[in-house]
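For the protein sequence lines, the chains are A and B, in the order given.
Be aware that the first sequence starts at 8, since it is given in this note's numbering, and climbs by one per residue.
Be aware that the second sequence starts at 8, since it is given in this note's numbering, and climbs by one per residue.
In this text, a Cβ means the ideal position worked out from N, Cα and C, and glycines have one as well.
This structure is a prediction, so every number in the text was calculated from the model and none was measured.
Notes follow once the structure below has been shown.
2 protein chains.
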Amino acid sequence: MRGMGNDMVSKGRVTIREVAERAGVSTATASRALSGNHPVPAATRARVLRAARDLDYVANAHARALVGGGRKMAAVVVRQVTSPFYAQVAEGVEAEAADRGWLCVVGATGGDAQREMEFVQLMREEGARLVILVGGVVEDDAYRERVAHYAHALDSSGARLVLCGRPAPDPDIPALVVEFDNEAGARAVTGHLLSAGHRRIVFLGGLPGNTALDARVAGYRAALAEHGLPPEAAHVVDCGLGRAAGHRAMTELLKRTREFTAVFAGDDMVAAGALRAIADAGLSVPGDISVVGYNDIPLAEDFNPPLTTVRTPAEELGRAAVRIALRDPEHAAGAHHLLGTHIVVRDSVGAPPPGRAL
Amino acid sequence: MRGMGNDMVSKGRVTIREVAERAGVSTATASRALSGNHPVPAATRARVLRAARDLDYVANAHARALVGGGRKMAAVVVRQVTSPFYAQVAEGVEAEAADRGWLCVVGATGGDAQREMEFVQLMREEGARLVILVGGVVEDDAYRERVAHYAHALDSSGARLVLCGRPAPDPDIPALVVEFDNEAGARAVTGHLLSAGHRRIVFLGGLPGNTALDARVAGYRAALAEHGLPPEAAHVVDCGLGRAAGHRAMTELLKRTREFTAVFAGDDMVAAGALRAIADAGLSVPGDISVVGYNDIPLAEDFNPPLTTVRTPAEELGRAAVRIALRDPEHAAGAHHLLGTHIVVRDSVGAPPPGRAL
DNA sequence: CCGGACACTGAAAGCGTTTTAACTTCCCCT
DNA sequence: AGGGGAAGTTAAAACGCTTTCAGTGTCCGG
Numbered sequence: 008m009r010g011m012g013n014d015m016v017s018k019g020r021v022t023i024r025e026v027a028e029r030a031g032v033s034t035a036t037a038s039r040a041l042s043g044n045h046p047v048p049a050a051t052r053a054r055v056l057r058a059a060r061d062l063d064y065v066a067n068a069h070a071r072a073l074v075g076g077g078r079k080m081a082a083v084v085v086r087q088v089t090s091p092f093y094a095q096v097a098e099g100v101e102a103e104a105a106d107r108g109w110l111c112v113v114g115a116t117g118g119d120a121q122r123e124m125e126f127v128q129l130m131r132e133e134g135a136r137l138v139i140l141v142g143g144v145v146e147d148d149a150y151r152e153r154v155a156h157y158a159h160a161l162d163s164s165g166a167r168l169v170l171c172g173r174p175a176p177d178p179d180i181p182a183l184v185v186e187f188d189n190e191a192g193a194r195a196v197t198g199h200l201l202s203a204g205h206r207r208i209v210f211l212g213g214l215p216g217n218t219a220l221d222a223r224v225a226g227y228r229a230a231l232a233e234h235g236l237p238p239e240a241a242h243v244v245d246c247g248l249g250r251a252a253g254h255r256a257m258t259e260l261l262k263r264t265r266e267f268t269a270v271f272a273g274d275d276m277v278a279a280g281a282l283r284a285i286a287d288a289g290l291s292v293p294g295d296i297s298v299v300g301y302n303d304i305p306l307a308e309d310f311n312p313p314l315t316t317v318r319t320p321a322e323e324l325g326r327a328a329v330r331i332a333l334r335d336p337e338h339a340a341g342a343h344h345l346l347g348t349h350i351v352v353r354d355s356v357g358a359p360p361p362g363r364a365l
Numbered sequence: 008m009r010g011m012g013n014d015m016v017s018k019g020r021v022t023i024r025e026v027a028e029r030a031g032v033s034t035a036t037a038s039r040a041l042s043g044n045h046p047v048p049a050a051t052r053a054r055v056l057r058a059a060r061d062l063d064y065v066a067n068a069h070a071r072a073l074v075g076g077g078r079k080m081a082a083v084v085v086r087q088v089t090s091p092f093y094a095q096v097a098e099g100v101e102a103e104a105a106d107r108g109w110l111c112v113v114g115a116t117g118g119d120a121q122r123e124m125e126f127v128q129l130m131r132e133e134g135a136r137l138v139i140l141v142g143g144v145v146e147d148d149a150y151r152e153r154v155a156h157y158a159h160a161l162d163s164s165g166a167r168l169v170l171c172g173r174p175a176p177d178p179d180i181p182a183l184v185v186e187f188d189n190e191a192g193a194r195a196v197t198g199h200l201l202s203a204g205h206r207r208i209v210f211l212g213g214l215p216g217n218t219a220l221d222a223r224v225a226g227y228r229a230a231l232a233e234h235g236l237p238p239e240a241a242h243v244v245d246c247g248l249g250r251a252a253g254h255r256a257m258t259e260l261l262k263r264t265r266e267f268t269a270v271f272a273g274d275d276m277v278a279a280g281a282l283r284a285i286a287d288a289g290l291s292v293p294g295d296i297s298v299v300g301y302n303d304i305p306l307a308e309d310f311n312p313p314l315t316t317v318r319t320p321a322e323e324l325g326r327a328a329v330r331i332a333l334r335d336p337e338h339a340a341g342a343h344h345l346l347g348t349h350i351v352v353r354d355s356v357g358a359p360p361p362g363r364a365l
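Spelled out as structure tokens, the structure:
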């Protein structure tokens with residue numbers, strides 16, 4: 008860093024021409040010496056590098072991308088960056104991209120399909136070679152058409168589309184899917200509650216049409232069925248996600264009935280809201296009600312009590328998305344990858360209260 | 008969206024040439040019609056737009072930036088995206104950038120100066136017009152030299168550098184600073200504890216050399232002084248930030264002494280760790296010890312008990328950084344903007360226990 | 001009826017880089 | 001001595017777009 012800038016020309020970027028001139032070579036040679044794309048004798052190379060350093064030369068990425076046809080850039084699109092889960096996925100993408108010298112841009116849509124489309128369009132203009140759409144959505148016709156459009160549009164310019172935790176499109180659409188095995192995770196954590204003796208378990212946070220949540224509900228139901236519990240025992244509250252929703256739904260539920268002994272929250276934020284509502288109602292966890300969450304956000308172990316939940320390695324999801332997309336150039340289209348999860352046992356699950364066990 | 012792609016050529020991007028050809032005009036006219044940079048008769052314009060739509064034309068941002076000299080792109084650099092505070096700042100930058108049609112890229116450094124330099128260099132190559140460095144660091148010579156380098160390098164290519172919550176460099180360096188008034192916030196929240204009757208207040212989470220924390224410590228000391236409390240009452244534990252650090256430091260502190268009645272945590276994550284440690288020790292908040300945090304992260308109200316803290320509107324910080332940088336083109340260099348904060352009172356502060364009040 | 005102002009359009013000159021194809025040398029082999 | 005590389009180098013052609021400059025007509029006032 009020392010000694011930089013002594014020769015800096017006042018304004019305007021230094022071009023490779025000036026570097027070449029100073030080094031006494033042509034731009035072709037300068038380019039090769041700088042990019043290392045073609046062998047150049049050590050002496051010449053040194054002269055060029057020296058000149059570049061003296062002039063504080065910075066390559067113009069646009070010119071480079073223009074001639075090189077595309078550039079090393081990945082885009083990750085989430086609903087909002089501040090959601091811990093999305094943030095982790097984005098961090099994973101960023102890290103894996105950075106590891107290979109790729110640039111990573113993030114876009115936040117706020118859940119607005121319009122903004123999503125605009126952003127994908129922008130990424131097309133920018134020449135992103137990889138677009139990663141993260142986060143569950145309701146799967147309707149508009150969604151399917153949108154994704155089909157993205158996929159073909161990106162594919163036609165040689166870019167890849169990855170869907171993380173989203174409904175998979177028709178298998179002949181050139182996109183690949185990477186997500187967690189939600190059903191298995193939900194089955195496991197429900198089984199954990201069942202093993203503790205619970206029989207009346209509420210699922211809080213369904214969102215019909217959202218494939219991620221639907222899969223969790225399916226896993227939850229499967230676990231109950233495995234224990235020979237009738238489907239009507241499956242108490243699914245479709246309150247959607249988020250802390251506020253969890254708090255509201257739990258408060259109402261407690262007002263209506265207390266015949267359940269455990270709550271399976273659709274995600275940790277819902278669990279946070281539910282815990283608060285339970286505390287507000289003067290009940291204790293896990294003394295009166297056991298609670299489990301989903302996702303294991305960083306603060307889950309600081310909940311009161313520390314939350315038993317399912318760890319979904321979100322950062323790994325982001326990394327996997329990049330890795331897989333860049334690995335299987337051909338076999339990619341239509342591939343569907345499932346990532347494993349595992350339970351994290353903390354203190355929010357206990358035996359059901361004696362009087363209320365079935 | 009319907010009807011797109013019928014005419015799409017198999018591979019290779021559609022260029023403006025083909026659009027022009029199809030519309031029966033020259034590339035010059037096509038460019039003008041598409042960019043709206045120069046008036047074009049309505050009929051011609053319509054033909055061009057029609058052709059572009061039919062062919063699913065996507066402009067090449069690189070070519071555009073190459074000739075146009077630069078592009079609308081902002082970069083925000085944080086330690087890690089998963090930290091709630093940084094995430095909010097990044098979201099603010101993203102939102103404000105998106106509002107003006109700018110692209111926003113984020114870089115995570117993991118606190119590594121090397122990666123920070125690489126990223127800034129990359130942004131220089133990419134032609135970013137605005138680089139926002141977020142987050143406190145230790146201010147040493149290496150830091151100062153680094154920032155001076157960034158500032159001059161970016162300035163020489165017409166880009167702006169903004170420091171958010173970072174030590175301000177020499178005033179003649181072409182960078183501007185936007186940050187919260189940490190001292191005022193800390194003074195206020197300390198005052199809140201003092202008003203509740205506390206006299207022995209520990210500051211947990213100092214990090215000497217980190218200007219943000221140092222300012223909070225200064226505010227804390229100032230508040231004590233205003234109440235006529237001697238400096239030796241100022242008990243500052245330099246454990247740094249993060250949940251783990253807070254937990255460890257609090258555990259150790261409780262082992263050593265219990266003569267304090269309140270804790271001022273350097274940020275909410277430290278507070279989270281501290282709360283856990285206090286609970287582990289069998290003490291209650293605020294019954295035995297009162298706790299306040301800093302930053303008001305989204306989950307702070309779900310802590311046990313809900314945390315009284317200082318709200319630092321992080322998203323607004325991000326937005327302000329962009330706004331200010333883009334507003335004051337000239338007056339910018341060396342400007343120092345302070346953003347206000349305010350206390351959020353929740354349940355983690357009470358009167359000191361009768362026996363232990365000074 | 002002419003000169004000029006005006007509206008529209010197109011050919012061509014870049015923007016900064018990489019890469020291809022050609023051109024020197026220089027050396028080794030027959 | 002002459003031919004065939006290999007090694008090193010360069011001039012010039014892209015890459016896709018915007019913009020300048022000049023060239024059409026067209027319309028108006030004189």
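- When Cβ-Cβ separations below 9 Å define contact, B:Ser163 makes contact with chain A.
- Within a 10 Å sphere around the beta-carbon of A:Asp119 sit fewer than 16 other beta-carbons, which makes this residue exposed.
- For B:Arg107, the secondary structure class from DSSP, reduced to helix, strand or coil, is coil.
- Relative to A:Phe210, the option among A:Phe271, A:Leu220, A:Val184, A:Val169 whose CA is nearest is A:Phe271.
- Distance from B:Val145 to B:Asn217 at the Cβ level is roughly 6 Å; contact confirmed, criterion being Cβ atoms closer than 8 Å.
- Setting aside the 5 residues that flank it on each side, B:Ile296 is surrounded in the same chain by Thr268, Ala269, Val270, Ile285, Leu290, each with a C-beta closer than 7 Å to its C-beta; the list follows chain order.
- The continuous stretches of alpha helix (DSSP H) do not include A:His349, which lies in the beta strand (DSSP E) extending over residues 349-351.
- Taken in chain order, the unbroken stretches of beta strand (DSSP E) that lie wholly in the region 193-255 of chain B and span 3 residues or more are 208-211, 242-244.
- B:Pro293 and B:Pro312 do touch by the CB rule: their CB atoms are close to 7 Å apart, below 8 Å.
- B:Arg167 sits buried, since 16 or more C-beta atoms from the chains shown fall within 10 Å of its C-beta.
- At least 9 Å separates the CB of A:Gly235 from every CB of chain B.
- In this structure A:Gly357 is buried. Its beta-carbon is surrounded by 16 or more other beta-carbon atoms within 10 angstroms.
- Approximately 19 Å separates the beta-carbon atoms of A:Leu345 and A:Asp177; this is outside 8 Å, ruling out the contact.
- Interface criterion met: the Cβ of A:Asp309 is under 9 Å from a Cβ in chain B.
- When only Cα atoms are considered, B:Pro215 and B:Ala149 end up about 16 Å apart.
- Within the model, the alpha-carbon separation for A:Ala278 versus A:Ala252 is close to 10 Å.
- Among the residues facing chain B, A:Val299 is not included, as its CB has no counterpart in that chain under 9 Å away.
- For B:Gln121, not one C-beta of chain A is nearer than 9 Å to its own C-beta.
- Close to chain B, meaning a Cβ-Cβ distance shorter than 8 Å, are the following residues of the region 75-109 of chain A: Arg78, Gln87, Val88, Thr89, Pro91, Ala94, Gln95, Ala97, Glu98, Glu101, Ala102, Ala105.
- Rounded to whole angstroms, the gap between the alpha carbons of A:Gly235 and A:Ser163 is 51 Å.
- With 16 or more neighbouring CB atoms inside 10 Å of its own CB, B:Ser90 falls in the buried class.
- Residue contact check for B:Leu73 against chain A: a CB pair falls below 9 Å.
- Under DSSP, no beta-bridge partner is assigned to B:Glu322.
- At a beta-carbon threshold of 9 Å, the residues of chain B lying near A:Arg250 are Pro305, Leu306, Glu308, Asp309, ordered along the chain.
- At a C-beta separation below 7 Å, A:His69 has these neighbours in chain B: His69, Ala72, Leu73, Gly134.
- A:Leu261 is the residue among A:Tyr301, A:Arg265, A:Leu261 whose C-alpha sits nearest the C-alpha of A:Arg283.
- With a threshold of 9 Å between beta carbons, B:Glu322 makes contact with chain A.
- Separation of the CB atoms of B:Gly172 and B:Ala219 is rounded to 5 Å, and the pair is thereby assigned contact status at 8 Å.
- Taking a cut-off of 8 Å on C-beta distances, the region 75-83 of chain A does not touch the region 71-78 of chain B, as fewer than three cross pairs fall below it.
- Between the C-alpha atoms of A:Ala105 and A:Cys111 there is a straight-line separation of about 7 Å.
- For A:Glu308, there is no enclosing beta strand (DSSP E), as DSSP marks it with neither H nor E.
- Neighbourhood of B:Asp63 in chain A, by CB distance below 8 Å: Ala160, Ser163, in chain order.
- Between A:Leu62 and A:Leu41, the gap from beta carbon to beta carbon reaches 9 Å or more.
- When secondary structure is reduced to three states using DSSP, B:Val32 falls in the coil class, being assigned neither helix nor strand.
- Using beta-carbon distances, A:Gly114 counts as an interface residue toward chain B, with a partner under 9 Å.
- Among the residues facing chain A, B:Leu41 is not included, as its CB has no counterpart in that chain under 9 Å away.
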